[in-house]
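Going letter by letter, the sequence shown gives residues 85 to 189 in the working numbering.
One structure below.
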Amino acid sequence: VRRAPLPASFSIADQCVFLYRTVVTLLREIQVKTMSTPTTFWRLAGMSYTQYVTKASSTLRAALKEPAKSKAMAQEKFSYNASSWVAGEQSAKKPIEALKDAGTA
């Protein structure tokens, strides 16, 4: 499948949208040609919906210009408290501030 080249006059946000639409179109074409049952394009890419949304939002935030970029990057941060229960007793709460620490309470 041949696609038109990316116009040089596109902003970074326009490039992201253009590339996203191109990838979606290509994945749908692959899906139609190779899949006997319909499925979503993130499943074709081997991702869950949550992984897809996380990757897409991180990519979009990284493509923004200041001051919108710093504001959007601040929204990416999160924190919560987690604790485990053993024999009906709650252990001490542990602050979770990074996704890699989730599930280690």
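No residue lacks a Cβ here, since even glycine has one placed at the ideal position from N, Cα and C.
Since we're looking at a predicted model, the values are computed, not measured.
Considering only the alpha carbon of each residue, which of the options lies closest to residue i?
i, options, result
"residue 37", "99, 164, 160", "The question about residue 37 has no answer, for the chain in this structure spans 85 to 189."
"residue 108", "167, 125, 168, 157", "125"
"residue 165", "179, 155, 156, 158", "179"
"residue 111", "128, 103, 99", "128"
Could you give the distance in angstroms between the alpha-carbon of residue i and the alpha-carbon of residue j?
i, j, result
"residue 189", "residue 101", "Only weak support exists for where residue 189 lies, its pLDDT of 49 falling under 50; the coordinates are left without a value."
"residue 85", "residue 97", "Bear in mind that the predicted position of residue 85 carries a pLDDT of just 49, short of 50, making it too unreliable to give a figure here."
"residue 174", "residue 141", "35 angstroms"
"residue 106", "residue 163", "35 angstroms"
"residue 147", "residue 171", "48 angstroms"
"residue 95", "residue 153", "14 angstroms"
"residue 113", "residue 93", "28 angstroms"
Determine which residues share a DSSP beta bridge with residue i and list them.
i, result
"residue 181", "Residue 181 pairs with nothing; no bridge assigned."
"residue 166", "178"
**Request:** Quick one: which unbroken beta strand (DSSP E) runs of 3-plus residues sit fully inside the region 90-163? Chain order, please.
**Result:** none
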